[in-house]
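Undergrad: Numbering (the working numbering), first residue to last: 25 to 703.
Just so you know, even glycine gets a beta-carbon here, dropped at the ideal spot from N, CA and C.
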Amino acid sequence: MNHSPKKRRNEWPKGIFRDIFVCSKQELSPFGIVFVLSAENFEERDLGTIFGIIKVDDFSENSSYVANLLVSVIKKEYFSKLHRSPEESFEISLRKANLALAELARHGSLDWSGKINFVSGALERNNLHFACLGNVFAFLLRDGQIAEISRDLEEEREAETHPLKTFANISSGKLEKDDKLIFSTGDLNEIFSKEELRQNAAHFSREEFPHFLEVSLEANSQLAGAIVLDFAHEPKIKTPAFPEAPAGRQETLEYAGAKPAKKIDSFVEFPEEPEVPSVSEILPAESREGVPVWKKILFSLKNLFLRVSDGIKKYFLKFFSYLRNFQYRDKVRNLNIKKTLTATYYFGRNAQYSFIRAKNRFQELESAKKKRYAGIFAAAALVLAIALVFAIRSKNTVQPAPPAQNIPVETKPVLALDDIEARSVENIEEVASLPREGAEIAILSGTLYTISGQDKSVVKTNPETKTNEEIKSDISSGNFRLISPMPNLNALFLLSGDNKIITLTPINNKFQENNIPLPQNPKIQDIKSYLTYLYVLDAANNQVYRYPRSEGGFGEGQLWLRAAPNLKDAKGIAINDDLYIAESGKITAYLQGRIDEKINFESPQTQLAVDSIYSEPGMDFVYVLDSKNRRIIRYTKDGKISVQYFSESIAGIKDFVTDEKNKTIYLLKNNQLLKFSAE
25 MNHSPKKRRN
35 EWPKGIFRDI
45 FVCSKQELSP
55 FGIVFVLSAE
65 NFEERDLGTI
75 FGIIKVDDFS
85 ENSSYVANLL
95 VSVIKKEYFS
105 KLHRSPEESF
115 EISLRKANLA
125 LAELARHGSL
135 DWSGKINFVS
145 GALERNNLHF
155 ACLGNVFAFL
165 LRDGQIAEIS
175 RDLEEEREAE
185 THPLKTFANI
195 SSGKLEKDDK
205 LIFSTGDLNE
215 IFSKEELRQN
225 AAHFSREEFP
235 HFLEVSLEAN
245 SQLAGAIVLD
255 FAHEPKIKTP
265 AFPEAPAGRQ
275 ETLEYAGAKP
285 AKKIDSFVEF
295 PEEPEVPSVS
305 EILPAESREG
315 VPVWKKILFS
325 LKNLFLRVSD
335 GIKKYFLKFF
345 SYLRNFQYRD
355 KVRNLNIKKT
365 LTATYYFGRN
375 AQYSFIRAKN
385 RFQELESAKK
395 KRYAGIFAAA
405 ALVLAIALVF
415 AIRSKNTVQP
425 APPAQNIPVE
435 TKPVLALDDI
445 EARSVENIEE
455 VASLPREGAE
465 IAILSGTLYT
475 ISGQDKSVVK
485 TNPETKTNEE
495 IKSDISSGNF
505 RLISPMPNLN
515 ALFLLSGDNK
525 IITLTPINNK
535 FQENNIPLPQ
545 NPKIQDIKSY
555 LTYLYVLDAA
565 NNQVYRYPRS
575 EGGFGEGQLW
585 LRAAPNLKDA
595 KGIAINDDLY
605 IAESGKITAY
615 LQGRIDEKIN
625 FESPQTQLAV
635 DSIYSEPGMD
645 FVYVLDSKNR
655 RIIRYTKDGK
665 ISVQYFSESI
675 AGIKDFVTDE
685 KNKTIYLLKN
695 NQLLKFSAE
């Protein structure tokens, strides 16, 4: 798979990533992962790309979620603070990964200790920072030579893994144009010597070499990973409208980090080449590819102006959206009046022209023919007049009124399209039909999972192929009534009618009962996860309990709410930075167990009637279902209304989830899965 980050400033070569993951058995896939994560928006581009390989040599259930946990923590932390330097973000990301492992160790999960193989790095412009742990290698190929740049980290790799200090040392350095780096698990080093890697890299093209490594690993390993990074320019497509800057020798920048960094050059004993003067030192500006300097400056200023104007335009559009919604009905009514008047005008004008043409043609006829046609027209007019009289009499005849009956009149609220940020949804479409009526829905890795509340089965739906797979549990328990995904474990947790917690692992469709010390006589309204914690909303005890993951299930629960509110009417919870508790008419944000006074959820003009609430860590918004008023409200995380999606089809919706990455909201209605685009 190729990953090419967006074009960087100053024409640095792009880091062209090719990631390789080999897994011969599906049950081994949770124990290894290869990731390449680039900036998703303009603001994050200065942080560049973070990448890595993780392989856990312990294949027990307690180690199956370690790889996913580390990737989730590293990704979230690396891109969370845009003001930090890439090295600082990378260092803090590894520190947070250490804390996550320490938390697992504190709760007795230590099977993975000493068995993690990890290499990760961050690339921004030509600056590379990386760290290694365990049986992994990093090689640099430059000017036909090869060096193991991870060699000086041997001491850390050979040290026994300690939960509180797992990823300690970071190496930093600068790349040069046409450098090639190979990061891999130890499997690759068992197949090829360093010299064989150099020869094969020279023999195969840039596109063929990663495929060669992949084939070699597939033939010799059950679980392995590698990343090939080519620091080179991609072929340019010249267009007249966007002149390219001259490709001269890149100026080497001095590193200014928080601490002295180990330079890649210090690992590699390459002979230094004499410095070559840049193009700008030899040729005048006007002769460089025929593009004068003043044109380049104007071109840059133009792009800057366009970016600023686009941002201003977005803010103004949002500011005036309320006014547009408020005037929506008046505009529609005025438009209909204009259409009616226009149609009447054209009808009258056409009738006038037709009458004039008929009159002229009639005058051209002979006298006898005129008399015949006049008689025909007179007879037709008489028939029409008589028919019109009878029609009017029939219409005005008073019919006896039917006897009064007590007929119940169904009243339903009108779509409040003049409400705050209201938007009518017209594109709701069916995803799939379920074997029975659904009660709850969850989404994990793009796949939908539904339960009916009437049995012990889970229906797995692929939204792309629109196919269903029913997975039935043979564990002795009540019917499944609540479901929550835990992405860090790549698993789903189900609450049964007799308050048992059951785990479903989608990769093998296996169910497993979990130990969990629930309070006596709870009234559990909802369950949600964060990292490897399970949060339980208990309306009977006005409390949210937090349970840490431990061997065989979950450890002792913690009373998470510091001040116990009245949760008798609580509908559900959602976790995303804060923990949000939804009641029928309001939503309250809690931070570290206390009400977050900085967040007050905005009230729409039409009174809120919450059915459920949804958000996940890393999402930009919080979503609320109000099926009574046929809407889903999208809030910002600080409580402001972003959009209200209105549709008649939302009436009767039982549950919903949101895929923010693909801007899609999925709805569960009777035995149907529906979706619409949340633009």
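(1) Using 8 Å as the cut-off, can you tell me whether the stretch 150-163 makes contact with the stretch 192-212, which would need three or more C-beta pairs spanning the two stretches below that distance?
(2) Return the Cβ separation of N141 and L118 in integer angstroms, given the expectation that the two are a contact with Cβ distance under 8 Å.
(3) Do I194 and A155 count as a contact pair if the criterion is CB distance below 8 Å?
(4) In the DSSP assignment, find the alpha helix (DSSP H) that holds Y102 and state where it starts and stops.
(5) With a CB to CB cut of under 6 Å and the five nearest residues on each side skipped, what residues in its chain are close to A515?
(6) My parser needs the beta strand (DSSP E) runs of 3 or more residues fully inside the stretch 585-665; what are they?
(7) Exposed or buried, which one is R655 when buried takes at least 16 other CB atoms within 10 Å?
(8) By DSSP's criteria, I526 is part of a beta bridge. Which residues make up the other side?
(9) Thinking C-alpha only, which one of I677, I689 and K678 is nearest R645?
(10) Quick check: what's the CA-CA separation for H227 versus L513?
(11) Going by alpha carbons, who is nearest to R618 out of F625, I605 and G609?
(12) Give me the Cα-Cα distance between D254 and G642, rounded to the nearest whole angstrom.
(13) Whose C-alpha, out of R42, E148 and N92, is nearest the C-alpha of I74?
(14) List the residues that DSSP assigns as beta-bridge partners of A146.
(15) Ignore the nearest five residues each way along the sequence and tell me which others in V741's own chain have a CB closer than 6 Å to its CB.
(16) DSSP three-state label for N512, please.
(17) When burial is assigned at 16 or more other CB atoms within 10 Å of the CB, is A466 buried or exposed?
(18) Would you decide whether Q549 is buried or exposed? Buried here means 16 or more other CB atoms lie within 10 Å of its CB.
(19) In whole angstroms, what is the alpha-carbon distance linking L692 and S500?
(20) Indicate whether the contact test is met: 3 or more Cβ pairs, each with one atom in the stretch 558-566 and one in the stretch 590-599, closer than 8 Å.
(21) Does the distance from the C-beta atom of P459 to that of V483 stay below 8 Å?
(22) In angstroms with no decimal places, state the Cα-to-Cα distance between I531 and N92.
(23) Between which two residues does the beta strand (DSSP E) harbouring A564 extend?
(24) According to the Cβ coordinates, are Q668 and E445 closer than 8 Å?
(25) Just curious, the beta strand (DSSP E) that S62 is in, first and last residue?
(26) Looking at I623: is its Cβ nearer than 8 Å to the Cβ of D662?
(27) According to DSSP, simplified to helix, strand and coil, what is K547?
(28) Classify N244: buried if its beta carbon has 16 or more other beta carbons within 10 angstroms, exposed otherwise.
(29) Counting only the same chain and skipping the five closest in sequence on each side, list residues whose C-beta sits under 6 Å from that of P509.
(30) Hey, quick one: how far does the alpha helix (DSSP H) through F114 stretch, first residue to last?
(31) Under 8 Å, with one C-beta from each stretch per pair, do the stretch 126-139 and the stretch 95-110 reach the 3-pair mark?
(32) Cα separation between Y571 and D620?
(33) Bridge partners for S195 per DSSP, in chain order?
(34) Less than 8 Å between the beta carbons of A121 and L152, yes or no?
(35) For A233 and S701, what's the separation of their Cα atoms in angstroms?
(36) Just to confirm the assignment, what range does the beta strand (DSSP E) spanning S240 have?
TA: Taking the definition as stated:
(1) yes
(2) Going by Cβ atoms, the distance from N141 to L118 rounds to 15 Å, so no, they are not a contact pair.
(3) yes
(4) V90 to Y102
(5) Closer than 6 Å at the Cβ level, and outside the excluded window around A515, lie T527 and T529.
(6) 594-600, 602-607, 611-615, 636-638, 645-650 and 655-660
(7) buried
(8) L518 and E537
(9) Per the sequence shown, the amino acid found at residue 645 is Phe instead of Arg. Comparing Cα-Cα distances from F645 to each of I677, I689 and K678, the minimum goes to I689.
(10) 41 Å
(11) I605
(12) 30 Å
(13) E148
(14) A146 is bridged to I74 and H153.
(15) Examination of residue 741 is not possible in this model, given that the chain is present from 25 through 703 alone.
(16) helix
(17) When all chains shown are included, A466 counts as buried.
(18) buried
(19) Taking the straight line from one Cα to the other gives about 27 Å.
(20) By the C-beta criterion, the stretch 558-566 is judged to be in contact with the stretch 590-599, since at least 3 inter-stretch pairs fall below 8 Å.
(21) yes
(22) One C-alpha to the other measures close to 14 Å.
(23) For A564, no beta strand (DSSP E) segment is defined, and its DSSP state is neither H nor E.
(24) Taking 8 Å as the Cβ cut-off, Q668 and E445 qualify as a contacting pair.
(25) G56 to S62
(26) Yes, they are a contact pair.
(27) coil
(28) exposed
(29) Cβ neighbours of P509 beyond the five flanking positions: A466, L468 and L516.
(30) P110 to R130
(31) no
(32) 22 Å
(33) F154
(34) no
(35) At residue 233 the sequence reads Phe, which differs from the Ala that was named. Computed Cα separation, rounded: 40 Å.
(36) No beta strand (DSSP E) contains S240, which is instead part of the alpha helix (DSSP H) from E232 to N244.
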